[in-house]
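Undergrad:
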Amino acid sequence: MQKITLIGMGASAATLTAEGWDALRRAERVAGARRLLEALPPEIAAERIPAVKPEEILSALEGACSAAVLYSGDTGFYSGAPALLERLRGRQVQVELQPGLSSVQLLAARLGRPWQDWKLVSAHGRPCDPVAAVCGGKPAFFLTGVGESGPAALCQKLADAGLGGLSVAVGEDLGLASQKIFSGSAAQAAGAQFGPLAVLLAEPAFRLPARTPGWPDGAFVRAEGIPMTKQAIRAQVLAQLALCPGETVWDVGAGTGSVSLEMAYANGGAPVWAVERLPAACAVLEENRRRLGGWNVRVVQGSAPQALAGLPAPDAVFLGGTGGELGPILDAVWAANPAARVCLTAIALETLAAALEAFAARGRKADAVQIAAAHAGGPGRLHLLRAENPVFILTAKEKV
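Residue numbers for the sequence shown follow the UniProt record's numbering, so the first one is 1 and each next one is one higher.
#1: Given a cut-off of 8 Å, decide if VAL297 and GLY257 are closer than it, judged by their beta-carbon atoms.
#2: CB ALA143 to CB TYR71, shorter than 8 Å?
#3: Have a look at VAL93, GLY293 and MET263 and flag the residue whose alpha-carbon is nearest the alpha-carbon of LEU238.
#4: For LEU243 and GLU86, I'd like the C-alpha separation in whole angstroms.
#5: Which same chain residues end up closer than 6 Å to GLN301 when comparing Cβ atoms and leaving out the 5 residues on each side of it in sequence?
#6: Give the straight-line distance between the Cα atoms of PRO342 and TYR265, rounded to the nearest whole angstrom.
#7: Between the alpha carbons of GLU357 and GLY214, how many angstroms are there, rounded?
#8: Taking 8 Å as the cut-off, decide whether the C-beta atoms of PRO245 and ALA270 are in contact.
#9: Would you kindly work out how many angstroms separate the C-alpha atoms of ASP160 and ARG91, rounded to a whole number?
#10: Does GLN236 pass the burial test, meaning 16 or more other C-beta atoms within 10 Å, or should it be called exposed?
#11: If I measure Cβ to Cβ from PHE359 and keep anything under 6 Å in the same chain, skipping five residues before and after, which residues do I get?
#12: Quick check on GLN98: buried or exposed, where buried means 16 or more other Cβ atoms within 10 Å of its Cβ?
#13: To which residues does DSSP link HIS375 through a beta bridge?
#14: For ALA189, which residues of its own chain have a beta-carbon under 8 Å away from its beta-carbon, when the five flanking residues on both sides are left out?
#15: In the DSSP assignment, find the beta strand (DSSP E) that holds ILE49 and state where it starts and stops.
#16: Could you pull the start and end residues of the alpha helix (DSSP H) that ARG341 belongs to?
#17: Between which two residues does the alpha helix (DSSP H) containing TYR265 stretch?
#18: Please confirm whether VAL131 and TRP334 have their CB atoms less than 8 Å apart.
#19: ARG29 bridges to which residues according to DSSP?
#20: Run the CB neighbour count on ARG35, radius 10 Å, all protein chains shown included, and call it buried at 16 or more, exposed below.
#21: With DSSP collapsed to three states, give me the class of ILE226.
#22: Look at SER59 and GLU28 and say whether their C-beta atoms are less than 8 Å apart.
#23: Taking only the alpha-carbon atoms, compute the straight-line gap between MET228 and ALA361 and give it to the nearest angstrom.
#24: Could you give the first and the last residue of the continuous alpha helix (DSSP H) run that contains VAL333?
#25: Buried or exposed: GLY145, going by 16 or more other Cβ atoms within 10 Å of its Cβ?
#26: Could you tell me which of LYS53, GLN231, VAL104 and LEU163 sits nearest to PRO82, measuring between CA atoms?
#27: Helix, strand or coil for TRP273 per DSSP?
#28: How is the beta strand (DSSP E) around ARG298 delimited, first residue to last?
#29: When the Cα atoms are used, what is the spatial distance from THR248 to PHE318?
#30: Closer than 7 Å by C-beta to ASP74: which residues in its own chain qualify, once you throw out the five before and the five after it? Chain order, please.
#31: Just how far apart, CA to CA, sit residue 403 and LEU197?
#32: So does the region 342 to 352 actually touch the region 384 to 399, counting three or more Cβ pairs closer than 8 Å?
#33: What is the DSSP secondary structure of ALA304, counted as helix, strand or coil?
#34: Can VAL252 and THR351 be called in contact, C-beta distance under 8 Å?
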């Protein structure tokens with residue numbers, strides 16, 4: 001039976017484990033990236049065949065009784081090994097894995113700190129939101145690529161979100177003679193150049209302690225003439241939308257941003273697009289965003305539905321204000337994602353009727369809840385209830 005050993009090489013031949021060396025010495029044939037094969041010393045007599053994709057590797061190893069495959073880093077850390085393992089399932093082949101030193105271990109050792117509490121993220125060949133990663137309350141380690149997935153580009157995204165002062169470290173060519181460590185701010189790293197073999201560590205962004213929905217109204221900066229969804233209503237809106245971590249959210253007619261900010265915590269740091277037409281409201285919203293750690297809130301100044309064009313498709317939408325454009329806004333939302341959940345509030349009966357009609361015209365059934373909040377207080381020792389306007393909360397989640 002053919003035996004294939006998948007070996008994590010670490011950074012170079014110098015970081016190979018003793019078990020890895022033994023497997024290489026026994027192998028008749030070795031496949032892997034050209035850079036890794038060229039790093040092996042002459043004492044490894046096996047035939048070396050450059051191959052990276054699983055089908056290329058299988059073809060290269062065909063007929064060899066004992067073979068090995070080299071991977072950089074560790075076979076279990078964002079490696080190509082699992083893809084090859086999947087292809088080997090069901091075959092008459094004996095498979096063995098040998099782990100190696102990963103880039104996260106190497107960087108942690110160079111920085112002299114433990115890494116068991118780091119958030120591990122790969123930006124290598126896949127979408128990556130560094131802002132969401134640093135909003136998790138832990139240092140975020142990024143396995144980076146080049147270009148838009150490189151350390152400088154990721155740090156530029158942090159700087160664009162107002163996190164340019166965040167402390168970061170970049171490790172280049174870890175474990176090699178050309179190894180370099182950069183330490184500084186995200187803004188500084190955004191303007192630097194790094195090689196293709198680099199990883200990034202970013203410290204966690206400031207965030208408030210986790211709490212249930214319904215922050216006190218006094219937590220938000222307010223300004224005259226700029227509306228804010230009050231605590232009792234806001235808590236119910238969050239309950240109706242039932243946000244999950246990773247969901248993209250729109251807040252249309254965001255006002256002071258009270259709903260935007262709470263959603264920014266509820267969705268685990270994923271993007272919240274706060275659309276607001278009034279420049280003064282956008283300024284207040286931006287101040288609340290920075291004060292309360294809502295780094296994943298993206299403020300968009302403009303009128304809906306025009307300002308919604310080009311935004312990433314939402315999973316959930318709160319309509320805090322529509323400017324008389326409810327129908328076109330709903331069309332824009334469900335054109336972007338037919339499965340998006342939509343929630344809006346209404347005080348006037350005319351607004352309620354118009355909203356129900358707009359939902360029905362688009363084949364959507366709305367759940368309606370009325371909240372009538374009252375607060376106790378009064379002169380002296382008496383406590384009188386001061387009622388707020390009853391508010392209807394309408395939520396449409398799926399087609400009829």
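Glycine included, C-beta positions come from ideal geometry on N, C-alpha and C.
TA: Well, looking at it:
#1: Position 257 of the sequence shown holds residue 257. Position 297 of the sequence shown holds residue 297. GLY257 is a Cβ neighbour of VAL297, given a cutoff of 8 Å.
#2: Position 143 of the sequence shown, counted from the first residue, corresponds to residue 143. Position 71 of the sequence shown, counted from the first residue, corresponds to residue 71. Residue 143 is actually Leu in this sequence, not Ala. The criterion of a C-beta distance shorter than 8 Å is not satisfied by LEU143 and TYR71.
#3: Here residue 238 corresponds to residue number 238 of the sequence shown, with the count starting at 1. Nearest C-alpha to LEU238: MET263.
#4: Residue mapping note: residue 243 aligns to position 243 of the sequence shown, counting from 1. Residue mapping note: residue 86 aligns to position 86 of the sequence shown, counting from 1. Answer to the nearest angstrom: the Cα atoms are 34 Å apart.
#5: Reading the sequence shown from its first residue, position 301 is the one you call residue 301. Closer than 6 Å at Cβ, skipping near neighbours: CYS282.
#6: Walking along the sequence shown from the start, residue 342 turns up at place 342. Walking along the sequence shown from the start, residue 265 turns up at place 265. The sequence shown places Val at residue 342, not Pro. VAL342 and TYR265 have their C-alpha atoms spaced approximately 18 Å apart.
#7: Here the question's residue 357 lines up with position 357 in the sequence shown. Here the question's residue 214 lines up with position 214 in the sequence shown. Rounded to whole angstroms, GLU357 and GLY214 show a C-alpha spacing of 29 Å.
#8: The residue given as residue 245 occupies position 245 in the sequence shown. The residue given as residue 270 occupies position 270 in the sequence shown. It is a contact, given that the beta carbons lie within the stated cut-off.
#9: Looking up residue 160 in the sequence shown gives position 160. Looking up residue 91 in the sequence shown gives position 91. Straight-line measurement puts the Cα of ARG91 at about 50 Å from the Cα of ASP160.
#10: By 1-based counting over the sequence shown, the position of residue 236 is 236. Counting Cβ neighbours within 10 Å, GLN236 comes out buried, since at least 16 surround it.
#11: Here residue 359 refers to the residue found at position 359 of the sequence shown. So the qualifying residues of the chain are ALA366 and ALA396.
#12: As a first step, residue 98 must be located in the sequence shown, where it is residue number 98. Burial call: buried.
#13: As a working mapping, residue 375 is identified with position 375 in the sequence shown. ARG386.
#14: Taking the first residue of the sequence shown as position 1, residue 189 is located at position 189. Its chain contains PRO151, ALA152, CYS155, VAL168, VAL170, PHE182 and LEU200 as the residues whose beta carbon lies nearer than 8 Å to that of ALA189, once the 5 sequence neighbours on both sides are disregarded; these appear in chain order.
#15: Here residue 49 refers to the residue found at position 49 of the sequence shown. Element bounds for ILE49: 47 to 50.
#16: Numbered from 1 along the sequence shown, position 341 holds the residue referred to as residue 341. For ARG341, there is no enclosing alpha helix (DSSP H); the residue is found in the beta strand (DSSP E) stretching over 341 to 346.
#17: Along the sequence shown, one-based indexing puts residue 265 at 265. It spans 258 to 266 - the alpha helix (DSSP H) in which TYR265 sits, taken as one unbroken run.
#18: Within the sequence shown, the letter at position 131 stands for residue 131. Within the sequence shown, the letter at position 334 stands for residue 334. With respect to the 8 Å criterion, VAL131 and TRP334 are not classified as neighbours on the basis of their beta carbons.
#19: Taking the sequence shown and counting its residues from 1, one reaches residue 29 at position 29. Beta-bridge pairing links ARG29 to GLU47 and ALA67.
#20: Counted from its first residue, the sequence shown places residue 35 at position 35. In the assembly as shown, ARG35 is an exposed residue. Its beta-carbon has fewer than 16 other beta-carbons within 10 Å.
#21: Counted from its first residue, the sequence shown places residue 226 at position 226. It is coil, neither helix nor strand.
#22: Translated into the one-based positions of the sequence shown, residue 59 becomes position 59. Translated into the one-based positions of the sequence shown, residue 28 becomes position 28. The Cβ-Cβ distance between SER59 and GLU28 does not fall below 8 Å.
#23: Stepping through the sequence shown from its first residue, residue 228 is reached at position 228. Stepping through the sequence shown from its first residue, residue 361 is reached at position 361. Take the alpha-carbon of MET228 and the one of ALA361: they are about 29 Å apart.
#24: If you number the sequence shown from 1, residue 333 lands on position 333. VAL333 -> alpha helix (DSSP H) spans 326 to 336.
#25: Within the sequence shown, residue 145 is the residue found at index 145, counting from 1. Classified as buried, GLY145 has 16 or more neighbouring CB atoms from the shown chains inside 10 Å of its CB.
#26: The residue labelled residue 82 in the question sits at position 82 within the sequence shown. Comparing Cα positions, the closest option is LYS53.
#27: Taking the sequence shown and counting its residues from 1, one reaches residue 273 at position 273. Three-state result, TRP273: strand.
#28: Position 298 of the sequence shown holds residue 298. It spans 297 to 301 - the beta strand (DSSP E) in which ARG298 sits, taken as one unbroken run.
#29: The count along the sequence shown starts at 1 and reaches residue 248 at position 248. The count along the sequence shown starts at 1 and reaches residue 318 at position 318. Spanning the two alpha carbons is a distance of roughly 12 Å.
#30: Stepping through the sequence shown from its first residue, residue 74 is reached at position 74. Hits under 7 Å: GLY8, PRO99, GLY100, LEU101 and SER102.
#31: Residue coverage of the chain in this structure runs from 1 to 400, which leaves residue 403 outside it and unanswerable.
#32: In this structure the region 342 to 352 touches the region 384 to 399; the number of beta carbon pairs closer than 8 Å is three or more.
#33: Start at 1 with the first residue of the sequence shown, and residue 304 comes out as number 304. In the structure shown, ALA304 adopts coil according to DSSP, grouped into three states.
#34: Residue 252 sits at position 252 when you count from the first residue of the sequence shown. Residue 351 sits at position 351 when you count from the first residue of the sequence shown. Remark: C-beta atoms of VAL252 and THR351 do not approach each other more closely than 8 Å.
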